[in-house]
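Accompanying notes for the structure given below.
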């Protein structure tokens, strides 16, 4: 037991590293400002749209969240538009997940899922080949991507997508952007978020 409580030289180096935490604080503020700017743009995007949302939906509702333990990694996100109850969910989430990626994702669950699924296939040409992925997990809260976790939405995979989506009561469709991708130009992440939202929009409009 005492051996597991011993601190290694690497442990002590990390504990003494003040620079990392200063950089993390600065970067967290940048992420916050980026999400706030994206929210402002999404307000404009939704202002002239009639969204297919659950009864009781408030088009002004927004939530900013910051945490440290999404599978042990820090994260920040904004949900807008958003609507959550026990039986229905309708949200567009823009998530920064440290150590992984940025993801812009539609989360839907409840009575309107059949309508969203119908829109997906009747408007398939507007959704396919837009760098979107369907989550294969039955949980809306799985944020990893890759083989066995997500399926790219392409015109060649229509039948596979139909099989996955059949009879599901919840759907999650997202655009995943690795941090290795060039995101250094000002406004790039905001542009990517708006592009993802516009790509998803055919599913959630009447």
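In our numbering, the protein residues as written are 5 to 210. Beta carbons are placed, not taken as given, at the ideal position from N, Cα and C, and that holds for glycine.
- Taking all protein chains shown into account, residue 12 has fewer than 16 neighbouring C-beta atoms within 10 Å of its C-beta and is therefore exposed.
- Here the region 164-183 lies against the region 102-122, with 3 or more beta-carbon pairs under 8 Å apart.
- Residue 99 sits away from residue 145, with the two beta carbons spaced by 8 Å or more.
- Its chain contains 125 as the residues whose beta carbon lies nearer than 8 Å to that of residue 166, once the 5 sequence neighbours on both sides are disregarded; these appear in chain order.
- DSSP places residue 202 within a helical segment (H, G or I) once states are collapsed to three.
- With respect to the C-alpha of residue 204, the residue from 110, 23, 195 having the closest C-alpha is 110.
- In the DSSP assignment, residue 43 falls within the unbroken alpha helix (DSSP H) covering 22-51.
- For residue 166, the enclosing alpha helix (DSSP H) stretches over residues 162-169.
- Check the Cα spacing between residue 116 and each of 140, 44, 87, 141: the tightest is with 87.
- Per DSSP, residue 154 lies in no alpha helix (DSSP H) segment; the continuous beta strand (DSSP E) that holds it begins and ends at 154-156.
- Annotation: the continuous alpha helix (DSSP H) that includes residue 125 extends over 117-126.
- Within the same chain, Cβ atoms closer than 6 Å to the Cβ of residue 91 are found at 114, the five residues on either side in sequence being excluded.
- Two segments are said to touch when three or more pairs of C-beta atoms, one from each, lie closer than 8 Å; by this definition the region 24-35 does not touch the region 50-66.
- If you draw a straight line from the Cα of residue 24 to the Cα of residue 207, it is about 42 Å long.
- In the three-state reduction of the DSSP assignment, residue 195 falls in the helix class, which pools H, G and I.
- In this structure, the beta-carbon distance from residue 93 to residue 66 does not fall below 8 Å.
- Inter-residue distance for residue 136 and residue 101 is about 18 Å (C-alpha atoms, whole angstroms).
- For the set 59, 130, 133, 149, the Cα lying nearest the Cα of residue 139 is the one of 149.
- Between residue 82 and residue 61 a beta carbon distance of about 17 Å is seen, past the 8 Å cut, so the two are scored as non-contacting.
- Of 70, 171, 128, 46, the smallest CA-CA separation from residue 95 is found for 46.
- With fewer than 16 other Cβ atoms inside 10 Å of its own Cβ, residue 188 counts as exposed.
- Of the candidates 196, 70, 43, the residue whose Cα lies closest to the Cα of residue 185 is 196.
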